[in-house]
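Novice: Here our numbering is used: the first residue of the sequence shown is 10, the next is one more, and so on.
I have a structure I would like to understand better, so I am pasting it below and will then ask my questions one at a time.
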Amino acid sequence: MDKATVIRTLILLIALTNQFLVTLGLNPVPGNETIWFEVLSTIFTFGAAAIAWFKNNYVTARGKSQKEVLKRNSLIK
Numbered sequence: 010m011d012k013a014t015v016i017r018t019l020i021l022l023i024a025l026t027n028q029f030l031v032t033l034g035l036n037p038v039p040g041n042e043t044i045w046f047e048v049l050s051t052i053f054t055f056g057a058a059a060i061a062w063f064k065n066n067y068v069t070a071r072g073k074s075q076k077e078v079l080k081r082n083s084l085i086k
């Protein structure tokens, strides 16, 4: 996996973990128990998921070979 894929995946895992804790009522940020924290947490999770979903994450062997073909033909950076 390339560096960008790893970073997007880690941010998504952090967002999902945070959302899970909020759902259980465990506030990961001490002293902040307002509804706005839950709203912002949900927005952060949706944003991280959308970015991870829309980006091409060449994780499988087939995806990696597709990326190489695209690079060879100068279709991606």
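Glycine included, each C-beta is placed from N, C-alpha and C at the ideal position.
Cutting at 7 Å between CB atoms, please list the residues of its own chain near Lys73, excluding the five before and the five after it.
Specialist: Here residue 73 refers to the residue found at position 64 when the sequence shown is read from its first residue. So the qualifying residues of the chain are Tyr67.
Novice: What residue ranges within the segment 21-55 form continuous alpha helix (DSSP H) runs of no fewer than 4 residues, ordered along the chain?
Specialist: Runs found: none.
Novice: Identify which residue in Ser50, Thr14 and Ile20 has its Cα closest to the Cα of Leu30.
Specialist: Within the sequence shown, numbered from 1, the residue matching residue 30 stands at position 21. Among Ser50, Thr14 and Ile20, the Cα nearest to that of Leu30 is on Ser50.
Novice: Taking the straight line between their C-alpha atoms, what separation do you get for Phe55 and Asn82?
Specialist: Within the sequence shown, numbered from 1, the residue matching residue 55 stands at position 46. Within the sequence shown, numbered from 1, the residue matching residue 82 stands at position 73. Whole-angstrom Cα-Cα distance: 34 Å.
Novice: If we ignore side chains and look at the alpha-carbon of each, how far apart do Leu25 and Phe53 end up?
Specialist: Taking the first residue of the sequence shown as position 1, residue 25 is located at position 16. Taking the first residue of the sequence shown as position 1, residue 53 is located at position 44. Near 9 Å, if we compare the C-alpha coordinates of Phe53 and Leu25.
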